[in-house]
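As structure tokens, the structure follows; a few thoughts come after it.
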Amino acid sequence: MTSEPVSSALPRFPRDFVWGVSTSAAQIEGAVAEDGRGRSAWDVFAAEAGRIKDGSDPRVATGHYHRYREDVGLLKELGVGAYRFSVAWPRVVPDGSGAVNKAGLDFYDRLVDALLAAGVAPVPTLFHWDTPQALEEGGGWLVRDTAEKFAAYADVVAERLGDRVERWITLNEPAELTLLGYGLGQHAPGRQLLFEALPAAHHQLLGHGLAVQALRARGAASIGIANSHGPTWTASASEADTAAAGLYDLLLNRLFAEPVLLGRYPDEELAALLPGPVAEDLKVISQPLDWYGINYYQPTLVGAPGAEGTGADDFGGIRLPPELPFAPQEIEGYPRTDFGWPVVPEALTELLVSFQERYGDRLPPVVITENGCSYEGVEDAERIAFLDGHLRALHAAMAAGVEVRGYFVWSLMDNFEWAEGYARRFGLVHVDYETLERTPKASFRWLRDALREQARG
Numbered sequence: 038m039t040s041e042p043v044s045s046a047l048p049r050f051p052r053d054f055v056w057g058v059s060t061s062a063a064q065i066e067g068a069v070a071e072d073g074r075g076r077s078a079w080d081v082f083a084a085e086a087g088r089i090k091d092g093s094d095p096r097v098a099t100g101h102y103h104r105y106r107e108d109v110g111l112l113k114e115l116g117v118g119a120y121r122f123s124v125a126w127p128r129v130v131p132d133g134s135g136a137v138n139k140a141g142l143d144f145y146d147r148l149v150d151a152l153l154a155a156g157v158a159p160v161p162t163l164f165h166w167d168t169p170q171a172l173e174e175g176g177g178w179l180v181r182d183t184a185e186k187f188a189a190y191a192d193v194v195a196e197r198l199g200d201r202v203e204r205w206i207t208l209n210e211p212a213e214l215t216l217l218g219y220g221l222g223q224h225a226p227g228r229q230l231l232f233e234a235l236p237a238a239h240h241q242l243l244g245h246g247l248a249v250q251a252l253r254a255r256g257a258a259s260i261g262i263a264n265s266h267g268p269t270w271t272a273s274a275s276e277a278d279t280a281a282a283g284l285y286d287l288l289l290n291r292l293f294a295e296p297v298l299l300g301r302y303p304d305e306e307l308a309a310l311l312p313g314p315v316a317e318d319l320k321v322i323s324q325p326l327d328w329y330g331i332n333y334y335q336p337t338l339v340g341a342p343g344a345e346g347t348g349a350d351d352f353g354g355i356r357l358p359p360e361l362p363f364a365p366q367e368i369e370g371y372p373r374t375d376f377g378w379p380v381v382p383e384a385l386t387e388l389l390v391s392f393q394e395r396y397g398d399r400l401p402p403v404v405i406t407e408n409g410c411s412y413e414g415v416e417d418a419e420r421i422a423f424l425d426g427h428l429r430a431l432h433a434a435m436a437a438g439v440e441v442r443g444y445f446v447w448s449l450m451d452n453f454e455w456a457e458g459y460a461r462r463f464g465l466v467h468v469d470y471e472t473l474e475r476t477p478k479a480s481f482r483w484l485r486d487a488l489r490e491q492a493r494g
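Just so you know, we're using this note's numbering here: the sequence shown kicks off at 38 and counts up by one.
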């Protein structure tokens, strides 16, 4: 990888390949107290002193709620065929269940219409971490009832938007919400339960399955999930490191893929720790999907805790506590983003090929629902090189036989980056957080030109 601008053309992707960009409601919308929106767990979390590293909050974010037409114009200029956004549960159902907020639904109705008018397919994600605070106070995803209320909310959204939305995503990254939100307390809701957070994993997956059923009942024909995955590399061939890496891979990858794809948990002892009628729930969780979404950012090098070099973070400045039975280590020899994440495009090829080998015909077509990087500056040659390298790695996986149908860049614009606040910039479009002015970056122009070249093929 180089910081110099990339000039050679990308390899040719299929004519029907879906090109898109992604965002999430909590990170861009703002307007958190407008038009009947309820509070989310992230609103409450960010208001607590010391939770957000730069002391900021998502009350304004990028102002997308009021500037969505401008942002749709950027999508049209970019030339993507699809836009993955999320619907804010507390904007539609302020308390998580019960009364529906018509003004909230009206916003997404207008957004969908604007996208379609611009020739951009809407791809809504029903849940991207912004749990209604009223539900969080009742236990959030630690309790089964939240999964059932999520399905009811999914039905409300599908009833309103289903006549114009073809592709749906149920959940975004349940692994991160489980680990960072309920396990380590680094994200909302700020619980520090370690392995007692596992019910949140099961209930999110159950909510996914129930939402699939609700969407199917409304006629949805193209449904996926956006799970985060990355290769787990073992620090050494020692028995301790191998066991630690295997457990990490089980908890961060297999725990969230195999219930959906295979209808079972990857470990019987782990399954025994989960609440409810697990065997019956798995029948719901493993509802057939039309495609499987993967968010990829980096591989993780894992060894046993206490070894030399351990203690590196895997989640952008978040360190795992020493009592965990595994420890990420620094990956040397690769460039790093401004977030400190190693840039390893070939690990995307490795991940996709390994998924094909592990799951075979149980793996539906794959869509890369997030891939991106944090760099400062508007003339962002590093981001261009990152995207170029990862698209070539994606093409290599397809050449190896993996059926991949789409690729979404994270993100359309700079935004509220969770616990980091506004200190990290993942966008193709620069946002001035004082004026909210949008400025397309060099990477925006590069992708626009690359998509035009693909279209000419």
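C-beta atoms are modelled at their ideal positions from N, C-alpha and C, and glycine is treated no differently. Fair warning: this is a prediction, and the values are worked out from it, not measured in the lab.
Exposed is the label assigned to Val415, since fewer than 16 other Cβ atoms lie within 10 Å of its Cβ. In this structure Glu295 is buried. Its beta-carbon is surrounded by 16 or more other beta-carbon atoms within 10 angstroms.
Taken atom to atom, the span from the alpha-carbon of Gly426 to that of Leu230 is near 38 Å. Annotation for Ala151: the continuous alpha helix (DSSP H) segment containing it runs Lys139 to Ala154.
Separation of the CB atoms of Leu198 and Ile262 is rounded to 18 Å, and the pair is thereby denied contact status at 8 Å. By the criterion of a C-beta distance shorter than 8 Å, Tyr190 is surrounded in its chain by Trp126, Val129, Val130, Gly133, Ser134 and Leu163, once the five residues flanking it on both sides are discounted. Taking the Cα of Leu216 as reference, the smallest distance to any Cα among Leu357, Asp469 and Cys410 is reached at Leu357.
Taken in chain order, the unbroken stretches of beta strand (DSSP E) that lie wholly in the stretch 192 to 239 and span 3 residues or more are 204 to 209. Excluding five sequence positions before and after Asp318, the CB atoms of its chain that fall closer than 6 Å to its own CB belong to Leu243, given in chain order.
With 16 or more neighbouring CB atoms inside 10 Å of its own CB, Thr386 falls in the buried class.
Cβ atoms of Gly330 and Val404 come within 8 Å of each other, at about 5 Å. Looking at the DSSP output, Phe122 bridges to Pro161. Closest option to Gly313, judged by alpha-carbon separation, among Glu276, Leu292 and Ala238: Ala238.
Put simply, the backbone Cα of Leu361 is about 7 Å away from that of Pro342. Boundaries of the alpha helix (DSSP H) harbouring Val315: Val315 to Ile322, taken from the DSSP string.
Taking the Cβ atoms as the reference, Gly340 lies roughly 11 Å from Ala274, outside the contact range of under 8 Å.
Pairing Gly73 with Asn138, the inter-Cα distance amounts to about 6 Å. Val390 and Arg291 have their C-alpha atoms some 15 Å from each other. Assignment of beta-bridge partners to Arg475 by DSSP yields Val468.
Classified as buried, Lys186 has 16 or more neighbouring CB atoms from the shown chains inside 10 Å of its CB. Residues Val149, Pro159 and Pro161 of the same chain have their beta carbon placed closer than 7 Å to that of Val202, with the five preceding and five following residues left out of the count. Here the C-alpha atom of His245 lies approximately 14 Å from the C-alpha atom of Thr168. The Cβ neighbour count for Glu66, taken over all protein chains shown within 10 Å, is at least 16; the residue is labelled buried. Annotated three-state conformation of Trp166 is coil, per DSSP.
Its chain contains Thr168, Gln170, Glu173, Ala225 and Pro226 as the residues whose beta carbon lies nearer than 6 Å to that of Ala78, once the 5 sequence neighbours on both sides are disregarded; these appear in chain order. Around the beta-carbon of Ser45, fewer than 16 other beta-carbon atoms lie within 10 Å, marking it exposed. For Gly443, the enclosing beta strand (DSSP E) starts and ends at Val441 to Trp447.
Shown here for Thr476: same chain residues with a beta carbon closer than 7 Å to its own, the five before and five after excluded, namely Val415, Val466 and His467 in chain order. For Asp94, the number of other beta carbons within 10 angstroms of its own is at least 16, and it is reported as buried.
Here DSSP, grouped into helix, strand and coil, assigns Tyr329 to strand. The Cβ atoms of Leu235 and Leu298 lie no closer than 8 Å to each other.
Boundaries of the beta strand (DSSP E) harbouring Gly340: Thr337 to Gly340, taken from the DSSP string. Contact between Ala479 and Ala436 is ruled out by a C-beta separation of about 28 Å, above the 8 Å threshold.
If only uninterrupted beta strand (DSSP E) runs of at least 3 residues are considered, those enclosed by the stretch 241 to 318 are 259 to 265 and 269 to 271.
In the structure shown, Thr386 falls within a helical segment according to DSSP collapsed to helix, strand and coil. Bridge partners of Pro365 according to DSSP: Val339.
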